[in-house]
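Only one structure is covered here, and it is reproduced in the block below.
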Amino acid sequence: MLQSQLEMGCVCVLQSRMGFPWGLDFGNQNCVIAIARKGGIDVIDNEASSRKTPCMVGLGGKERSLGQAAVAKINSNIKNTASELKRLIGRRWVDADLQADIAKFPFKVSEGNDGSILVHLQYEKDGGECEMKAYTPEQLLAMLFVNLMHTAEGHNKGPSPDCVISVPCWFTDAERRAVLDAATIAGLNVLRLMNETAAAALCWGLPKSLELPDDSAPPKNVLFFDMGHSSTQACIVAFTKSKMTVLASAFDRNLGGRDFDWAVLEHFAAEWKASKKLNLLDSPKAVLRMMAAIDKVKQQLSGYAAYGKLPINVECLQEDHDFSSMLDTDIFASLVKGLVEKSLESIKKVISDSKLTFDQIDSVEVVGSATRSPLIVNAIKDFIGKEPQRTMNSEEAVSKGCALMGAMISPNFRVREFQVLDSTPYAISLSWTSSTGGDQAMEVEGGGSAKGNVVFSEHNVLPSSKMLTFMRSNAFDISASYADQSALTRGSSPIIGNFSITNIPAAADGGPSKVKVKVRLDMNGVLAVESAQAVEEVDAEEEEKPAQAAADTPMPDAKPAEAPSDDTPASEPSGQNIAEQEKPAAPAESEPKKKKLRKHNLPVVNKAAFQLSRELIDQFKNEEFEMATQDRLIKALHEAKNDLEAYIYQMRDRVSGGNLSEFMSEADKQAFLPLLESMENWLYDEEAEAANKSTFVAKLDELKKFGDPADLRYREDDERGLAFSELKKVIDEYANLAATQDPAYEHISVDDRSKVKSTVDEAAAWMESMQAQQAVKPKTEQPVVLCRDINAKREMIVSTCKPIMNKPKPAPPKPKVSPAAAVHASDGKQAEEKKEETSDSPKPEAAGSETPKDEQPAEAKEPQGESMDTGLD
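According to full-length UniProt numbering, the sequence shown holds residues 1 to 873 in order.
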């Protein structure tokens, strides 16, 4: 609650005509969405009322199961459900870490034609057959993004494409581009890709910014430790009132909460093999059920209360054998001891890279779902000597930080001024080639000129730009790659991309031209060449000659300048000027010619090493649209089928002995009840499985021909008494007003009273007639009068009688004045006016005094408005 109030104080909504931007914590196991809006930063729930949406995509038929829906079907559809998309996106087949993950996946993954990866899932297009199809990770992630966008739109009550998506700080250029491509396929407008470490730091720092040190004082250094489902990250951030700076970051891509679960799984798999002679790891379904049970027990053991031993039971785990065992804190600690020690390596590296000592770290903040274990927290405490803090929700901090960044970028919000300076964990170097094979050097502003120069160093500020200078005569290519391949995943390529600069003009002297190339590492962590220009130094006079020639050319109608006339007095020079004129002229010094830069923009072709082509993205967009359309049609079909099924069950109970029994004749019952039974049998027949939406709608309409009239008679009978009661109340009210002798109504004329009386008398007679006819009418027949007719009669009485009885009294007449009194009053008025004219006549001023013109009394002057500071930008 306190955190929400702090966030509310630093975010102000300026306008909200469009959907609020949302922040997405893109996790390996779950995704979390937060929205910045008027009440602060809110983490929203999905269609299942859960604040966490599983990162899963299930196919297997005509309808896709995305997010929460995929979990509900995974036990029966495990081989057609893709999970852990974060470990797949942007990876190459030769990646050794990827191969280790694929060995544990229950779904099929293969190599694509270009070295990418493909996920094979079954899917049935409308009118086709269910067959195995290959999907790129970008396509699958786009499907999940669409589901998450619908969740945000449900809370925003409108389109909500604007978002900030978190990625691990260790994501490479290829992985970041893949996430952006998936968002493009899904129709999202990504305001920024944000490192998870920076997002958590922003969530911590912005609400506390007023309490942080001034910019001139030493900053507050905070170490953030984030262990998620599959990876671990650590960073040190320096905070002041107006900014946060990521000093260094470190990570372990292959250490997360799932590794703790897998260690326990292997322990129980060994027990299972010894007792049942079965290999648990060979059955994906058994592994899935066992992992769910382990996660539940692990969370209980992670509590700070000592549990001792906890049972773990799974019924019919494998070949109808039940699993039963125990897990205690000591066994768990021994199984994960190596993992806990490994988690400290990221902290050691980030402290070393930041050049800080333990004493210079003011506090430690832990986030991430895996940090619930006291083993991790205690290990950090023992290593650093400081108690790790949990001032934020461990599983929601990243999404809230992304939502805050979305508010800072969006024009719909005004956020307290706070600068975010992130960093990249990789050093990036550039190399170049020439069409002629030359080897000219490259100059970097602030750097050296060696070939293969490291342009962006490790922990370089993000975003950042560098200006490079080349001396070239022909087109050339610049290649970007990661300088330290050991920092990447095993087997992955360090190449980022290739950038071609063409159409270089020849220099004036025939030599190579100076080419300035601007390379930018943008806020998404993606590298690109922003611009390239050929720069030439020319004399400023040469630039001015064409303009000067145009100025010196006389116009056809121009007249010669007139000489000054003799009558015009010449100005006399001062003594100083005369002395200056008498001095001998000094020899003129030759001034250096001024130089001016002439720039020519050059075409640049950016080609990332690993990214989907524009044509492929458009193709995937069309396929996503077709699948989304099919999902909507199937959803409408299911709704029509459910409506028919619900109507059958509802009507059978109501007609057989419920509230509709007395409102349906026996003949209608004899026809309706068998029809309900026949329709129910058809509903579960094979014919219904192949039926379309219109068939279910037609079947429902057929049943409603019997059921709706009976339901109408029931509702009319239930509401008729109240409707007549309200009508009688209005009749009595206006009948009494028409006959009242109250002085407040004495101005109402006899004709008006008669009109009111006739209206209510007619309505009373109509009501008595309808009540009498309805009293003898059987309940199984159509009512004589409907409630809407009764209500219409009541409204007619009010609209007719109310204006009459609420007519205001006429104003009292003015008192009459006699002619003599009128003449006397007129004479007195004229005398008074003459007296006022005499007293108001101006008096002559004293001699020598000035008469002020247009002078007004001070109180008559128009007040001058003062500007007010409303506090708004």
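Each residue gets a CB set at the ideal place from its N, CA and C atoms; glycine is no exception.
Where does residue i sit, in a helix, a strand or coil, going by DSSP?
i: valine 57; result: strand
i: tryptophan 170; result: coil
i: glutamine 122; result: strand
i: tyrosine 482; result: strand
i: isoleucine 347; result: helix
i: isoleucine 74; result: coil
i: residue 876; result: Residue 876 cannot be examined here, being either before or after the span of the chain that is shown, 1 to 873.
i: histidine 600; result: strand
i: alanine 532; result: strand
i: serine 209; result: helix
i: lysine 381; result: helix
i: arginine 418; result: Reading off the sequence shown, one finds phenylalanine at residue 418, where the question assumed arginine. In this structure, phenylalanine 418 counts as coil in the three-state DSSP scheme.
i: aspartate 42; result: strand
i: histidine 321; result: strand
In angstroms, rounded to a whole number, what distance separates the CA positions of residue i and residue j?
i: glutamate 387; j: valine 515; result: 54 Å
i: methionine 523; j: serine 65; result: 33 Å
i: leucine 24; j: alanine 142; result: 14 Å
i: asparagine 453; j: phenylalanine 470; result: 13 Å
i: serine 492; j: proline 425; result: 16 Å
i: arginine 614; j: serine 209; result: 42 Å
i: threonine 759; j: valine 750; result: 14 Å
i: asparagine 503; j: glutamate 138; result: 35 Å
i: lysine 621; j: lysine 342; result: 42 Å
i: leucine 602; j: valine 461; result: 27 Å
i: glutamate 645; j: glutamate 626; result: 29 Å
i: alanine 450; j: valine 519; result: With a pLDDT of 43 at alanine 450, under the threshold of 50, the modelled position of that residue is not reliable, and the figure given next carries that caveat. Roughly 17 Å separates the two Cα atoms.
i: alanine 100; j: threonine 240; result: 42 Å
i: cysteine 55; j: isoleucine 165; result: 14 Å
i: methionine 805; j: alanine 744; result: 10 Å
i: aspartate 330; j: leucine 301; result: 10 Å
i: glutamine 68; j: glutamate 47; result: 8 Å
i: lysine 296; j: asparagine 313; result: 11 Å
i: proline 311; j: phenylalanine 323; result: 10 Å
i: alanine 534; j: serine 513; result: 7 Å
i: isoleucine 376; j: alanine 333; result: 10 Å
i: alanine 198; j: isoleucine 409; result: 15 Å
i: phenylalanine 20; j: asparagine 736; result: 57 Å
i: aspartate 126; j: serine 275; result: 48 Å
Quick one: give me the first and last residue of the beta strand (DSSP E) that residue i is part of.
i: phenylalanine 224; result: 220 to 227
i: residue 879; result: This structure gives no information on residue 879, because the portion of the chain shown stretches from 1 to 873.
i: isoleucine 89; result: Neither: isoleucine 89 is in no beta strand (DSSP E) and is coded neither H nor E.
i: valine 246; result: 243 to 252
i: tyrosine 135; result: 130 to 135
i: leucine 191; result: 189 to 195
i: asparagine 498; result: 495 to 501
Out of the options, which has the shortest C-alpha to C-alpha gap to residue i?
i: alanine 765; options: Lys793, Gly368, Glu781 and Ala738; result: Lys793
i: proline 284; options: Phe107, Gly385 and His120; result: Phe107
i: methionine 796; options: Val655, Val529, Ala763 and Asp708; result: Ala763
i: glutamate 365; options: Asp353, Asp252, Gln389 and Ile347; result: Gln389
i: valine 517; options: Gly510, Lys807, Thr740 and Ala528; result: Ala528
i: isoleucine 496; options: Ser725, Leu521 and Phe610; result: Phe610
i: alanine 811; options: Val784, His747 and Lys777; result: His747
i: alanine 183; options: Leu144, Val336 and Ala480; result: Leu144
Got a sec, what are the start and stop residues for the alpha helix (DSSP H) residue i sits in?
i: aspartate 631; result: 614 to 656
i: residue 879; result: Since the first residue shown for the chain is 1 and the last is 873, residue 879 is missing from the structure and cannot be characterised.
i: lysine 757; result: 750 to 775
Where DSSP assigns a beta bridge to residue i, which residues make up the other side?
i: phenylalanine 663; result: Looking at the DSSP assignment, phenylalanine 663 forms no beta bridge with any residue, so it has no partner.
i: tryptophan 22; result: Ile35 and Cys163
i: threonine 424; result: Asn460
i: threonine 433; result: Asp477
i: alanine 234; result: Phe225 and Ala250
i: methionine 467; result: Lys518
i: glutamate 365; result: Phe224 and Gln389
i: methionine 326; result: Pro311
i: threonine 537; result: One point to set straight first is that residue 537 is glutamate, not threonine, in the sequence displayed. Note: glutamate 537 sits in a beta bridge opposite Leu597.
i: alanine 82; result: Val57
Does any heavy atom of the ligand PLP sit closer than 7 Å to the C-beta of residue i?
i: phenylalanine 625; result: Absence of the ligand PLP from the depicted structure is noted, as is the absence of any ligand whatsoever, leaving it without description.
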